[in-house]
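Peer 1: So for the sequence shown, my numbering puts the first residue at 77; every next one is plus one.
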Amino acid sequence: MIILFFISLITFANSLSLKSVLMAIDCGGQESFNSKEGFLYQEDQHFSGDSRVSDYTYNDVVYDGIAYTFTPKVYFTERHGSSFDYSLPINKNGQYTIILQFVELYFENEGERQFDIFIGTKRIIQNLSIIDNKHQKGSAKEVFIYIEIKEDKVFHNDEECTKGFINGKLKIGFRKGAADLPKVDGIVIVKGHNAGEEEKKHLIDNWEQMLEENRKKEAELQRAELEAQNMIVPDSVEPEEGEGLISFLLSPIGIGIIIFGMVVFGLLIFTGENEDDKKRKKNKSK
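1. Given a cut-off of 9 Å on the beta-carbon distance, is the pair LYS198 and GLU235 in contact?
2. What residues in its chain sit with their C-beta under 6 Å from that of ILE207, if we drop five residues either side in the sequence?
3. Does ARG291 pass the burial test, meaning 16 or more other C-beta atoms within 10 Å, or should it be called exposed?
4. What residues in its chain sit with their C-beta under 8 Å from that of ARG128, if we drop five residues either side in the sequence?
5. Anyone know if the C-beta pair for LEU164 and ILE263 falls short of 9 Å?
6. Measure the C-alpha to C-alpha separation of VAL256 and ASP140 and round it to an integer number of angstroms.
7. Mapping DSSP to helix, strand and coil, what is ASN290?
8. Rounded to whole angstroms, how far is the Cβ of GLN190 from the Cβ of ASN203, which I believe are closer than 8 Å?
9. Using CA atoms only, rank isn't needed, just tell me which of VAL260, GLU107, GLN106 and SER215 is closest to PHE194.
10. Give the C-beta separation of THR173 and ALA271 to the nearest angstrom, bearing in mind that I take them to be a contact with Cβ-Cβ under 8 Å.
11. So what's GLU154 in DSSP terms, helix, strand or just coil?
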């Protein structure tokens, strides 16, 4: 089976390589899986607080397809609630990027869901709406948060996030804002601050074109696989002399013609033998 890598995401995939991704959580998901970029999403874990899981696997919007992502599975499930946290283990000091992944599958309009995001006790984002001028219902949205961990403290924009890093764990909080409940579909922690935010913006701005290019590439790869398995003959390859006749005779039509010919030949022999018997009997009667 061919693993389909989408060429339009080469730069983004390099940014989110196996080496740079420290951890990825499929929020609400019950099993691990590999993303198209090549890193592993772990099943939901490290959460606490007042929350529950929703599974949208068979939702009509999911069936039609999640926009702005080539790893839609992470958006099939979510964790939501009035107030909950993720405490993610990070063992080393350094710069990191938190990528929070969202999709709105319930509300239709911007602002119908608004919530706050915290690191420790510091509010990083206030009244986030998943739906905005570029993201509609069913569009994957990623929020990039750049932090630095040093001396057992976490900093955002050079300001300390109090209680944001305790006992080697980074604490990310989701709290009620101006409307409804907070939710999250996926969390990815990336080493460094080169996590592909600009590439993601480019993907959103050119989504339809990239989608069409990748459909064509997928069709080409599938055809190449069939050719490699000798299931179809490439257009550019001419059959060798005699190969066409053999292929025809071995086809269902060819086999049918052979069987029909054998039946006719047998009938002719049988008819001829009956005529000879009649003649012998006639001669004896004389």
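Even for Gly, the Cβ is constructed at its ideal location relative to N, Cα and C.
If you're wondering where the values come from, they're calculated on a predicted model, not measured in any experiment.
Peer 2: So, from the listed chains and residues:
1. Residue 198 sits at position 122 when you count from the first residue of the sequence shown. Residue 235 sits at position 159 when you count from the first residue of the sequence shown. Contact: yes.
2. Against the sequence shown, residue 207 aligns to sequence position 131. Within the same chain, ILE207 has close Cβ partners GLU180 and GLU186.
3. Position 215 of the sequence shown holds residue 291. ARG291 is exposed by the Cβ-count criterion.
4. The residue labelled residue 128 in the question sits at position 52 within the sequence shown. Correct list, in chain order: ARG155, HIS156 and GLY157.
5. In the sequence shown, the residue the question calls residue 164 occupies position 88. In the sequence shown, the residue the question calls residue 263 occupies position 187. Closer than 9 Å, so yes.
6. If you number the sequence shown from 1, residue 256 lands on position 180. If you number the sequence shown from 1, residue 140 lands on position 64. Just to set this straight, residue 256 is Asp in the shown sequence, not Val. Taking the straight line joining both Cα atoms gives about 25 Å.
7. Walking along the sequence shown from the start, residue 290 turns up at place 214. Helix.
8. Walking along the sequence shown from the start, residue 190 turns up at place 114. Walking along the sequence shown from the start, residue 203 turns up at place 127. The pair is a contact, with the Cβ atoms about 4 Å apart (cut-off 8 Å).
9. By one-based count along the sequence shown, residue 194 stands at place 118. When only C-alpha atoms are compared, the closest one is VAL260.
10. Taking the first residue of the sequence shown as position 1, residue 173 is located at position 97. Taking the first residue of the sequence shown as position 1, residue 271 is located at position 195. By a beta-carbon distance limit of 8 Å, THR173 contacts ALA271. Their separation comes to about 4 Å.
11. Here residue 154 corresponds to residue number 78 of the sequence shown, with the count starting at 1. Strand at GLU154.
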